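Protein sequence lines correspond, in order, to chains A and B.
Going by full-length UniProt numbering, the first sequence opens with residue 1, and the numbers climb by one from there.
Going by full-length UniProt numbering, the second sequence opens with residue 1, and the numbers climb by one from there.
Inspection log for the structure reproduced underneath, given as structure tokens.
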Amino acid sequence: MSVLSDDRQVSAGLTAPRKRRRQDLTFLFMALPAVILFFVFHTYPAVQGILYSFTNFKGFGNNYDFVGLRNYVQIFQDERAMAAYRFTFLFAILSTVLVNAVALVIAIGLNSNIRFRNTLRAIYFLPNILSVLIVGFIFNYLFANLVPKIGAGLGIASLSKNILGDPHLAWIGIVFVAVWQAAAFNIILYLAGLQTIPYDLYEAADIDGAGPWQKFRNITFPMIAAFFTINMVLAMKAFLQVFDQIVALTGGGPGTSTESVSFLIYKGGFDGGQFAYQSANAVLFFIVLVVVSLLQTRFLHRREVEA
Amino acid sequence: MTHGLTENRKPNWIVTALLCVAALTVLVPLYLAVVTALKTPQELAESVFALPRQIRWQNFSDAVRLTDFFTAFRTSALVTVSVVILTLVTNSLVAYAIARNQHKKFFRFLYYYFISALFIPFPIIMLPVVKQTSAWGMDNPYGLIFLYVVYGLSFNVFVYVGYIKSIPRELEEAATIDGATTWQTFWKIIFPLLAPMNATVGILTCLWAWNDFLLPLVIISDPKLATLPLVQYIFQGQFSTNYNLAFASYLMTLAPMVIVYLLAQRWIISGVTQGAVKG
């Protein structure tokens, strides 16, 4: 304590400019260690990844050569990589649309005049706190054992076997689990948005004799357009990086039919000796993500203004 | 509640009923997970849906033994608690320095430096960072803690800076006139005022550190040092035939966050909303 009070007297005795300078130094000292660590463990690896993408490095040993853009050219000729991009995009677009539709409907329901509001809200949010990997394992079992029984009972041939074992249907399982888990988060966000809408707007609409659809189109949706943008961009960005769901449900299979880009980079980079090649894939993936996010934000923002 | 007026009207039972039915899509899988964990394999073969005739706690004790559950639990708990505390203490401090100096080029640059990193997908740094951490002996829970705290900066600086800017400077100026140093001002005035943001960041960080799978998967090389999700992954590969054991093990991994959720539901929901709306 005596150190503190000494310090206080000294700093109180300093002239104003000296005190300022000392304060500036303190601020610098607060931020600098974090910046250096962030650089060493985030920026530097990212730069390294970009550099490796121009080499033929295998991930071990130290002998490698620069090969220019060869890795990049090869990705575009690599049917497996292109399939991963196609799968990732179809998955992300479908899941984003579904998750937003489901979340918006449920959020509107939760925001209307219902009983058990808090309990229902708590239930719908629950999936968001659960580990995606373990949720995936649980659904993996349900798809293998429960769904076929129900499918057989109902006499639906395509459901009476494990859809995760079918290269043409496995994606359905992955979309289902992804939407099941992610809807929770989007529901809460939409609910937050809906609660900012003043109730008089609906009363005025009632007086004008507007129906439920008109109220949704002309009041609800325009008022939460900003939340719609946030949800679409965040969901798309998260779904494009899908990884845990794939590991838990299909491991990229059957064959390579459900390999996402993140999964391919992980698998090829660590197990396949394709360190440099998958680094190039990661750089390409980064560019794709940035472009998609920017386009989406611009497009959706323009809609917001019109609305 | 902006919808205060609705309280006076009759509740909409149709919407309530529809929402209750739809809630089953959340509850049924969880119900199945719980009953499966409490059954014998024979009972499970007879009916997936039925309640267990006799609760079989042995599934849990067997799962604890086979997965060395408590070791992994301690690792996950150590990682999660350390990451939350260190993140709150350090990330808010960095954000404070940035928020109060944004008129200076250097700090403005730092702000954009951190938030632009939000766009960088993990796969791009994944391969090099694994080489780096294993070369520096950081392929263990301590390395993991370190990386979570550092990687959290991107998002946390963003949300903290937005919040700190809304705190009037007069408070700090008064403290400075009274002779408080910048450190004292931060700890005694700003940090307590950050409580709502600290709750948000703490919750999001806690969920992230507890549930994350990819970072432990690539960083941790020794299975004895694995976190809980990683252990479930290894376990799934080895004992995929006994579902009852596997589900007992899954439930024990999910349980801590579910308990935290039941206790702090309101703060968690509002915390997550705040974080996401800012993000």
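Even for Gly, the Cβ is constructed at its ideal location relative to N, Cα and C.
Here the structure is a predicted model, which is why all the values come from computation and not from measurement.
Anticipated Cβ contact below 8 Å, Asn100 of chain A with Asn231 of chain A, distance rounded:
6 Å
For Asp244 of chain A, count neighbouring Cβ atoms within 10 angstroms of its own Cβ and tell me buried if that reaches 16, exposed if not.
buried
Using a beta-carbon distance cut-off of less than 8 Å, what residues from the stretch 79 to 97 of chain A approach chain B?
none
Chain A residues whose Cβ lies nearer than 7 Å to that of Asn101 of chain B
Phe27
Would a C-beta distance cut-off of 7 Å place Ile177 of chain B and Leu193 of chain B closer than the cut-off?
no
Which of the three DSSP states is assigned to Thr250 of chain A in this structure?
coil
Assuming contact is defined by CB atoms lying nearer than 7 Å, are Gly136 of chain A and Leu249 of chain A in contact in what I supplied?
yes
Which bits of chain B does Arg115 of chain A rub up against, with CB to CB less than 8 Å?
Pro11, Trp13, Thr16
Confirm, please, whether the CB-CB distance from Gly109 of chain A to Leu19 of chain B is below 7 Å.
yes
Compare the Cα-Cα distances from Phe114 of chain B to each of B:Phe235, B:Val161, B:Val34 and report the closest residue.
B:Val161
From which residue to which residue does the alpha helix (DSSP H) around Asn211 of chain B run?
195 to 211
Going by alpha carbons, who is nearest to Val261 of chain A out of A:Phe89, A:Phe176, A:Gly153?
A:Phe89
Which residue marks the beginning of the alpha helix (DSSP H) containing Val47 of chain A, and which one marks its end?
44 to 52
Would you kindly report the start and end of the unbroken alpha helix (DSSP H) that includes Met236 of chain A?
225 to 240
Residues in the same chain with beta-carbon distance under 8 Å from Ile220 of chain B, minus the five sequence neighbours each way, listed in chain order, please.
Asp139, Asn140, Pro141, Leu144, Ala226, Thr227, Leu230
Take Gly68 of chain A as the anchor and find which of A:Asn56, A:Phe228, A:Lys215, A:Gly255 has the nearest alpha-carbon.
A:Asn56
With C-beta atoms as the reference, is Asp189 of chain A less than 7 Å away from Phe227 of chain A?
For the sequence presented, residue 189 of chain A should be read as Leu rather than Asp. Going by C-beta atoms, Leu189 of chain A is nearer than 7 Å to Phe227 of chain A.
What would DSSP say about Phe66 of chain A, mapped onto helix, strand or coil?
strand
Only counting the same chain, and skipping five residues up and downstream in sequence, which positions put a Cβ closer than 8 Å to that of Val292 of chain A?
Met236, Lys237, Leu240
Whole angstroms is fine: what's the gap from Ser11 of chain A's alpha carbon to Tyr96 of chain B's?
Because Ser11 of chain A carries a pLDDT of 48, less than 50, the predicted location of this residue cannot be relied on, and no value is offered for it.
Tell me, please, whether the CB atom of Val83 of chain B is closer than 7 Å to any CB atom in chain A?
no
Name the two residues that bound the continuous alpha helix (DSSP H) containing Glu259 of chain A.
Glu259 of chain A -> no alpha helix (DSSP H), and no H or E assigned at all.
Check each residue of the stretch 251 to 268 of chain A: if its Cβ is closer than 8 Å to any Cβ of chain B, include it; give the result in chain order.
Val261, Ser262, Ile265, Tyr266
Kindly indicate if chain B contains any beta-carbon less than 7 Å away from that of Val290 of chain A.
yes
Can you pull the chain B residues whose beta carbon is under 7 Å from the beta carbon of Ala122 of chain A, in chain order?
Gln265
In chain B, what lies closer than 9 Å to Gln241 of chain A by C-beta?
Pro121, Phe122, Pro123
Local Cβ density within 10 Å of Asn281 of chain A, reported as buried at 16 or more and exposed below that
buried
Check Thr196 of chain A in the structure and name its three-state DSSP category.
coil
Whole-angstrom C-beta distance between Gly152 of chain B and Thr205 of chain B, which should lie under 8 Å:
6 Å
Measure the Cβ-Cβ separation of Ile125 of chain B and Ala276 of chain A and say whether it is below 7 Å.
no
For Gly237 of chain B and Met82 of chain A, the rounded distance between their alpha carbons:
29 Å
So, does the CB of Leu204 of chain B fall closer than 7 Å to a CB anywhere in chain A?
no
Using DSSP with H/G/I as helix, E/B as strand and the rest coil, what is Thr181 of chain B?
coil
Can you give me the C-alpha to C-alpha distance between Leu51 of chain B and Phe41 of chain A, rounded to a whole angstrom?
50 Å
Applying the criterion that 16 or more other CB atoms from any shown protein chain within 10 Å of the CB defines a buried residue, is Val3 of chain A buried or exposed?
Residue placement at Val3 of chain A is flagged as unreliable, the pLDDT there being 42, under the threshold of 50; a coordinate-derived value is accordingly withheld.
Using a Cβ-Cβ cut-off of less than 7 Å, list which residues of the stretch 61 to 80 of chain A approach chain B; keep chain order.
none
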